[in-house]
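I have placed the structure first, in the form of structure tokens, so that the comments after it can refer back to it.
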Amino acid sequence: MMKINTFKNGLRQLDKANRVLKLSEFKMERLRKPEKIVSVYFPVEMDREGKKIFHGYRVQYSNVRGPYKGGIRFHHQVDMNEVMALAFWMAIKCAVVNIPMGGGKGGIEVDPKKLSEAELERLSRAYVRAIAHDIGPNIDVPAPDVNTSPKIMAWMVDEYIKIKLKTSTFAEASADRQNSKLKTEEKNRLLGTFTGKPVEKGGSLGRTEATGRGGFYVLQALLEEQKTNMTVAVQGFGNVGYYIAKFLNEAGFRIVALSDSKGGIVVNNMEKDSFNPELVLSCKKEKGTLASCYCVGSVCDLENGRTISNEELLELPVDILVPAALENQITGKNAARIKAKIVLEMANGPTTPEADEILHRKKITVVPDVLSNSGGVTVSYFEWLQNLNNEQWSEEKVNQELKKKVVSAFIDVFKEAKKQGTDMRTAAFVLAIRRLTENH
Ligand code: NAD
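Right under this line is the structure:
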């Protein structure tokens, strides 16, 4: 199957927003191009086969509002168009949620499932050595994305700090200082080069759950905090998919279907049952697959559910569909068969522009990725602030501030959509591009 050019889709969303904005051709040309593209080929020592060369990317799209910010993806299908699209959406997202950060994204073409833990660590460290000149707390601040985790961020930041400690200016500066407190502060500042770190390595409380939690707050704001017992299907049971399923289940929504890259599961009784995401996760960890993890309430039982393909999951008659896996899942080919009333985009770019038109005609509400998954980068921003200011916020404070940020972004986008008579994605882009281009 031919891979969809995801970056072109991003540019079509931009063009659509410009029907409202009517920017000059120069401003549009600036928005259509990333500021810098870093493409690196670097060797990694494998356990058995000697050294292998890997291809990594870092795209720095825009820093007009602050340092570049965005995750690093490990996936065998990562390519330049995908990373450019993801970096572009990060620039839009940070502006939508109104944090002083720009847009960036990174990736390595690799199937991490085929690597041992030691190879994964060497790969992560080698990538950091290859891009070290281009990142830093005030330059570009990476974070986790698909197939990267807090543990990987810990390896990466450790490698970065090692490199910095070796550079002469930093070494001289440190040698001059007798005061060890100052050294610690400098190290903490360098920790701010990566976010999504484990808490004990300078991470923020609440970061791991933040993307799912933020999506939950946005949905609550859309539904005005009232409706529960609505049915939900979640595509993608990784970090983001797991937490949104967990928070929704805890709030009384019913999780009737879940999936990962190998396929999905659905409850047999769609009228009554809900998967228990926590039990499903521990079952999946034990069995290595979602299939047969039909955990409802406190019991996992083969009678409770059945397997389902990812395509079927998207077309289930549910109230809320949550794509939380990869791009281009709802396309011109299947959009007409989507039956959900709300699509809450937790993945980046799950809906193509063709699908957007069809869903709009079907009066399905699409809550766009640049709004609904902005909780992750928001708490990454809080983590960065904590590192720079040598602070540790309580989880309560993180969650309160997160809620304030994403709910206020939701209100801005919702009002803009009403004012312009557009869908929420176009409204979010209009709002973000105004913020990105004013005074620039
Ligand atoms: P992850 O690696 O933790 O999980 C990805 C999940 O998707 C896995 O369960 C995987 O099996 C599943 N998957 C992969 N291909 C699939 C397919 N074709 N069909 C169904 N499931 C499939 O990654 P994540 O961090 O949860 O990211 C998921 C999405 O959310 C991505 O689009 C990512 O860019 C976006 N996102 C992540 C964050 C974050 O903080 N991690 C923030 C914002 C947006």
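Residue numbers for the sequence shown follow our numbering, so the first one is 1 and each next one is one higher.
Beta carbons: idealized from backbone N, C-alpha and C, even for Gly.
Asked                                                                                                : Found
Complete runs of the alpha helix (DSSP H) confined to the region 78-150 [at least 4 residues]        : 80-96, 117-131
heavy atom of ligand 1 below 7 Å from F54 C-beta                                                     : no
Close Cβ partners of G332 (< 8 Å) along its chain, the five nearest in sequence each way excluded    : T352, E354, A355, I358
Under 8 Å between C-beta atoms of I342 and V370                                                      : no
Where L344 falls: helix, strand or coil (DSSP)                                                       : strand
Alpha-carbon to alpha-carbon, F414 and I433                                                          : 16 Å
Alpha-carbon spacing of E303 relative to N249, whole angstroms                                       : 20 Å
Three-way DSSP call (helix, strand, coil) for C295 in this model                                     : strand
Buried or exposed (CB count within 10 angstroms, at least 16 for buried), S168                       : With a pLDDT of 46 at S168, under the threshold of 50, the modelled position of this residue cannot be trusted, and the question is left open.
Cβ neighbours of T426 in the same chain (closer than 6 Å, five flanking residues each side left out) : K16, A17
S292 Cβ short of 7 Å to ligand 1 heavy atom set                                                      : no
Local conformation of S168 per DSSP, three classes                                                   : At S168 the pLDDT is 46, less than 50, meaning the model places this residue with poor confidence; the figure from the coordinates comes in the next sentence. In this structure, S168 counts as helix in the three-state DSSP scheme.
Residues bridged to H55 (per DSSP)                                                                   : Y41
DSSP bridge partner residues for E267 (one or two, in chain order)                                   : As written in the sequence, residue 267 is Val, which differs from the Glu given in the question. Bridge partners of V267: G305.
Close Cβ partners of V407 (< 7 Å) along its chain, the five nearest in sequence each way excluded    : Y217, A221
Between the CA atoms of Y160 and I338 - distance to the nearest angstrom                             : 45 Å
Distance cut-off 7 Å: A432 Cβ against heavy atoms of ligand 1                                        : no
Any non-hydrogen atom of ligand 1 within 7 Å of F247 CB                                              : no
Bridge partners - K69, DSSP secondary structure assignment                                           : V141
Under 8 Å between C-beta atoms of L313 and S259                                                      : yes
Backbone secondary structure at S259 - three-state DSSP                                              : strand
Rounded separation between E391 and M153 - CA only                                                   : 19 Å
CA-to-CA distance, I72 to Q13, given in whole angstroms                                              : 23 Å
Any non-hydrogen atom of ligand 1 closer than 7 Å to E241 Cβ                                         : The sequence given here places Gly at residue 241; Glu does not occur at that position. Correct: G241 has its Cβ closer than 7 Å to ligand 1.
D145 CB to nearest heavy atom of ligand 3 below 7 Å                                                  : Among the ligands modelled here, namely ligand 1, ligand 3 does not occur.
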